[in-house]
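Undergrad: Those protein sequence lines, which keep their order, are chains A and B.
Residue numbering for the first sequence follows the numbering used here, beginning at -11 and increasing consecutively.
Residue numbering for the second sequence follows the numbering used here, beginning at -11 and increasing consecutively.
Cβ coordinates follow ideal geometry from the N, Cα and C atoms, glycine included.
Below are the C-alpha cells for one structure; questions will follow.
2 protein chains.
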Amino acid sequence: MNGYVIGIDIGGTTTAVGLVDRAGRLLAEATIPTRPDEAAVLLADRLHETIGQLRETLPHPAGPAGIGIGAPNANYYRGTVENAVNLRWGPSVNLVELFRRHYALPVAVTNDANAAAIGEQLFGAARGMRHFIVITLGTGLGSGIVVNSELLYGADGFAGELGHTVVEPDGRLCACGNRGCLETYVSATGICRTVLALMAKRCDDSPLRRIAPDALTAKDIHEAARSGDGIALEAYDATARVLGMKLADAVAHLSPEAIFLTGGFAASGELLFAPVKRYLETFLLGIYRGKVALLPSGLQEGTGGLLGAAALIWHELDRLGGRNG
Amino acid sequence: MNGYVIGIDIGGTTTAVGLVDRAGRLLAEATIPTRPDEAAVLLADRLHETIGQLRETLPHPAGPAGIGIGAPNANYYRGTVENAVNLRWGPSVNLVELFRRHYALPVAVTNDANAAAIGEQLFGAARGMRHFIVITLGTGLGSGIVVNSELLYGADGFAGELGHTVVEPDGRLCACGNRGCLETYVSATGICRTVLALMAKRCDDSPLRRIAPDALTAKDIHEAARSGDGIALEAYDATARVLGMKLADAVAHLSPEAIFLTGGFAASGELLFAPVKRYLETFLLGIYRGKVALLPSGLQEGTGGLLGAAALIWHELDRLGGRNG
C-alpha cells in the first residue's frame, strides 16, 4: 500500500504536517512555526514548500491522495477557519481554496477536537465504535462527537462545543464572553482557577501558595497532588466532579459506548480518570450506568492532531470509494 | 394512495390506535384503556381486536403496511419496553414479538418522545429539517433527537434523555433516583415544585396559596400567571431560565436547526416560549446565536403520539424502499 495523504495540524504557535498512510503510519513529518500575525495564504505557501521537501524523502514518487486539516474554529461544511482567537486571520479564511491553489486534490477541514475524534476512530482506540465522544483537555476543553460512525456537525458545522456548556450560570467568566462554561472549570487553566478559589477557602499550607497566579500551571498542580498536597487533591476532585456531571449530561444526549479523555491535561492519568469515572457513574441515569467506558487515547502522545487531520481525509476518501492502495 | 400503517400510542392510562396514510391522515382511530396491571400480551390482543374493527370502517379491503408503536421506556433496537414506571410489565416486554403473533408485518417500537420527533419530521413542522430536537413537556420532560434526518439512538437505544440532565447536582429528588434532573424543574410537575419554593421565599398573596400542594396543577399556575399573579409569573420565568440554559447545552452538543416544544405543558404558549427564547439566546455560545428556531409542534394537538408512532414505521418502510401506494 503506497497511498498516503497529507495531514496538517494548525495550532496557535506551531503547525505540524505529515504524510500518513491508510494504516496511520507517519511516513514523514515536519513542524513549522505558525506566525499568528501572518496571513493564512502565506502559511499555506510555506506548508506547500515543506510538503514538497517531505515528499522527496519518500522512496516512491506517488503523489498524495488528499489533504486533511485540523485547525481551531474550523468549519467542515464551509472549509473555513472562522474568528480563530489565536490567529489573526480575520472573520473567515477558506483553507480549502488556499490549498487547492497548489493541489488538485480533495481537501477537508475540521476543528482540532473533531480531528482527534476521527483519528481515534481510524487509527486509535475507537476502532469499531459507532458512537463515542472525544474530549480534548488542554488550555481549553474541546470535543468531537461521533454518531453512527460519522462526525456530528449539526446544522451549521459547529456541533460538539461541550467546553461551552453551562456549569454555573453566574460562574466564571469565559473567553467566549459567557459565564460558567465547562472549560473555565475543566482544563489546564480551569484547574488553576479552582486552585485559586480553594486557596481562598482553605487555610492549610501548600507549595502552590508560593507560585504567583500568573505563573501557576496545571503541571505544578499535578506535581503537588502527587506529593499529597491537600489543595491540589481537592482541585482534582472538584474538576473531576464537574467533568463527571457534564459527561453524564453528554451521555443523556448521545448514549455513546465510550468517552475518551485526551490532550495534555488528560495526561494527569488516574489522578483525573479515577474520580471522573466515579462521578460519572453517580450522575448517570440508571439505564446508562456501567455501560459507558472512560478511556485514554489509543494514539501515541502528541500525534493525535496530525493523525486526526490525516484520518479526516482518509475517511472522506473511503466514503467516496476512492481508497488508495 | 390506499396504503396505510397502524400507529399505536401506549400511555399509562389510555392507548390510542389509528390507521394512518403516508400523508399523515388519520383514516380511523380508537382509544382503549391501558389497564396498567394487565399483562402486555392481553393489551396486544385487545389492540388486535380494535384494529380489526377499525379496518372494517375502511372503504377498501387493503391490509396495513406495518405497525409503529410509541411507548414509555421503549427500546428501538430491542423492540422492548423496559422497566416502564407506569406499566407493571416487569423488566422487559418484547412488543415486536407480541404483535408479530397477529401480523406478518414490519413492527417498530420507540419511546413516545422519539415518536413525537419522527412525527414532526414526516407530518409536522420539521419537514425538510435534518437536525432538530423535540422536547415533550408533560408530567415529565422527554426528548427526541434527529441527526442527519435519523432519530439518534446511540449505543444502546436510549439516547435522548434530556429530562435527566443535571441542573443542580444537590437539587430536587427525581423519580429516577438522582437529584436535580431537568424534569424536576421543567415539566408540569416541575413548575408546581417551583411555585412551592417561591411561596416559601416570597410573602405576597397569591390564589395559589389557597390550593393544597397535592391538588396544585400546572393549569392553576397558567391561569394565575395570565391573571398577573407574581408567584406564577416568577415560576414561569424560573422554569424558562432553566430550560433555556439546558437547551443551550443541547445546542452545544448537537447544533440543531430548531427545537420544538410540544406536549401539554408547552400549551402555555408565549408565557413559556418568549422567556425560553430569551434565555436560550443569552446562554448560547456566540456561534449559535440567532441560528436556532424555537417552535411549537406543527401537528394537531393531541395527535402527536399516534402520528409519531405511524411516522416511525412509515420512515422504516420508506428507507426499505417499501413505500406503499
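Please report the distance separating the alpha-carbon of Ala32 of chain B from that of Phe87 of chain B.
TA: Going by the C-alpha atoms only, they are around 7 angstroms apart.
Undergrad: Indicate the three-state DSSP secondary structure (helix, strand or coil) for Val155 of chain A in the structure shown.
TA: Coil.
Undergrad: Can you confirm whether the stretch 33 to 45 of chain A touches the stretch 272 to 286 of chain A when touching is taken to mean that 3 or more C-beta pairs between the two stretches lie within less than 8 angstroms?
TA: Verdict: no, contact absent.
Undergrad: To the nearest angstrom, how far is it from the Cα of Glu17 of chain B to the Cα of Asn71 of chain B?
TA: Cα to Cα, Glu17 of chain B sits roughly 28 angstroms from Asn71 of chain B.
Undergrad: Here's a check: name, in chain order, each residue in its chain whose Cβ is nearer than 7 angstroms to the Cβ of Gly178 of chain B, leaving out the five neighbours to either side.
TA: Within the same chain, Gly178 of chain B has close Cβ partners Glu171, Thr172 and Thr227.
Undergrad: Would you call the CB atoms of Leu35 of chain A and Val5 of chain A closer than 7 angstroms?
TA: Their beta carbons are under 7 angstroms apart, which means Leu35 of chain A touches Val5 of chain A by this criterion.
Undergrad: With H, G and I counted as helix, E and B as strand and the rest as coil, what does DSSP make of Arg167 of chain A?
TA: Note: Arg167 of chain A maps to strand in three-state DSSP.
Undergrad: So Gly27 of chain B and Gly293 of chain B are in contact, right, with Cβ under 8 angstroms, and what is the actual spacing, rounded?
TA: Per the sequence shown, residue 27 of chain B should be read as Ala rather than Gly. Wrong, their Cβ atoms sit about 22 angstroms apart, outside the cutoff.
Undergrad: Of the choices A:Arg10, A:His210, A:Ala246 and A:Thr291, whose alpha-carbon is the least far from that of Asp144 of chain B?
TA: It is A:Ala246 whose Cα lies nearest to the Cα of Asp144 of chain B.
Undergrad: For Ile179 of chain B, list the residues DSSP reports as bridge partners.
TA: Its beta-bridge partners do not exist; DSSP assigns none.
Undergrad: Is the beta carbon of Phe253 of chain B sitting closer than 7 angstroms to the one on Ala212 of chain B?
TA: Cβ distance not < 7 angstroms, so Phe253 of chain B and Ala212 of chain B don't count as in contact.
Undergrad: Which residues does DSSP pair with Ile(-6) of chain B in a beta bridge?
TA: Answer is B:Leu7 and B:Ile55.
Undergrad: Just how far apart, CA to CA, sit His241 of chain B and Leu186 of chain A?
TA: Looking at the two C-alpha atoms, the distance is approximately 30 angstroms.
Undergrad: Does Pro21 of chain A have its Cβ less than 7 angstroms from a Cβ in chain B?
TA: Taking Cβ atoms only, chain B never reaches closer than 7 angstroms to Pro21 of chain A, which makes this a no.
Undergrad: Using a cut-off of 7 angstroms between C-beta atoms, extract the partners of Ala240 of chain A located in chain B.
TA: By Cβ distance, chain B contributes Glu149, Leu150, His152 and Thr153.
Undergrad: Tell me the rounded alpha-carbon separation between Gly257 of chain B and Gly159 of chain B.
TA: Rounded to whole angstroms, Gly257 of chain B to Gly159 of chain B spans 27 angstroms at the Cα level.
Undergrad: Look up Asn82 of chain A in the DSSP assignment and say whether it is helix, strand or coil.
TA: Looking at Asn82 of chain A - three-state DSSP - the assignment turns out to be strand.
Undergrad: Nearest-angstrom Cα distance between His119 of chain B and Thr270 of chain A?
TA: Roughly 30 angstroms between the two C-alpha positions.
Undergrad: Counting only the same chain and skipping the five closest in sequence on each side, list residues whose C-beta sits under 8 angstroms from that of Thr182 of chain B.
TA: Excluding positions up to five away in sequence, the list reads Tyr173, Ala223, Ala226 and Thr227.
Undergrad: Can you list, in chain order, the stretches of the alpha helix (DSSP H) that have 4 or more residues and sit fully within the stretch 230 to 307 of chain B?
TA: As far as the stretch 230 to 307 of chain B is concerned, its whole alpha helix (DSSP H) runs of at least 4 residues are 258 to 271 and 292 to 307.
Undergrad: Going by the DSSP bridge assignment, what does Val134 of chain A pair with across the sheet?
TA: Val134 of chain A is bridged to A:Phe120 and A:Leu139.
Undergrad: Taking the alpha-carbon positions, what's the Pro157 of chain B to Ile(-6) of chain A distance?
TA: Each residue's Cα considered, the two are about 45 angstroms apart.
Undergrad: Alpha carbon to alpha carbon, how far is Ala188 of chain A from Gly168 of chain A?
TA: One C-alpha to the other measures close to 19 angstroms.
Undergrad: Whose C-alpha, out of B:Ala298, B:Ile275 and B:Lys279, is nearest the C-alpha of Pro79 of chain A?
TA: Of B:Ala298, B:Ile275 and B:Lys279, the residue nearest in Cα terms is B:Ile275.
Undergrad: Which residue or residues does DSSP assign as beta-bridge partners of Ala16 of chain B?
TA: Answer by DSSP bridge pairing, in chain order: B:Leu7.
Undergrad: Compare the C-alpha of Trp302 of chain B against each of B:Gly12, B:Gly0 and B:Thr1 and name the closest.
TA: Nearest option by C-alpha distance: B:Gly12.
Undergrad: Do Asp237 of chain B and Thr2 of chain A have their C-beta atoms within less than 7 angstroms of each other?
TA: No, the pair does not count as a contact, with Cβ atoms beyond the cut-off.
Undergrad: Taking Gly58 of chain A as the reference, give the member of A:Ala299, A:Gly309 and A:Leu305 with the closest Cα.
TA: Selected option, being the one with the closest Cα: A:Ala299.
Undergrad: Can you give me the C-alpha to C-alpha distance between Arg307 of chain A and Pro47 of chain A, rounded to a whole angstrom?
TA: Near 28 angstroms, if we compare the C-alpha coordinates of Pro47 of chain A and Arg307 of chain A.
Undergrad: May I ask which residues mark the beginning and end of the beta strand (DSSP E) holding Ala113 of chain A?
TA: That residue, Ala113 of chain A, is in no beta strand (DSSP E); it is neither H nor E in DSSP.
Undergrad: Starting from the beta carbon of Cys164 of chain B, find every residue of chain A whose beta carbon is closer than 8 angstroms, and list them in chain order.
TA: Correct list: Leu273 and Gly274.
Undergrad: For the stretch 67 to 101 of chain B, which residues have a beta carbon sitting closer than 9 angstroms to at least one beta carbon of chain A?
TA: Under the 9 angstroms Cβ criterion, the stretch 67 to 101 of chain B contributes Glu70 and Asn71.
Undergrad: Specify the secondary structure class of Asn312 of chain A as computed by DSSP and reduced to three states.
TA: A caution first: Asn312 of chain A carries a pLDDT of 44, below 50, which makes its placement in the model too unreliable to give a value.
Undergrad: Would you kindly report the start and end of the unbroken beta strand (DSSP E) that includes Ala203 of chain B?
TA: Premise fails: Ala203 of chain B is in no beta strand (DSSP E) and is neither H nor E.
Undergrad: Between Pro244 of chain B and Val280 of chain B, what straight-line distance do the alpha-carbon atoms span, to the nearest angstrom?
TA: Between Pro244 of chain B and Val280 of chain B, the C-alpha separation is close to 7 angstroms.
Undergrad: Can you check the stretch 26 to 54 of chain A for any alpha helix (DSSP H) of at least 4 residues that lies completely inside it and give the ranges in chain order?
TA: As far as the stretch 26 to 54 of chain A is concerned, its whole alpha helix (DSSP H) runs of at least 4 residues are 28 to 44.
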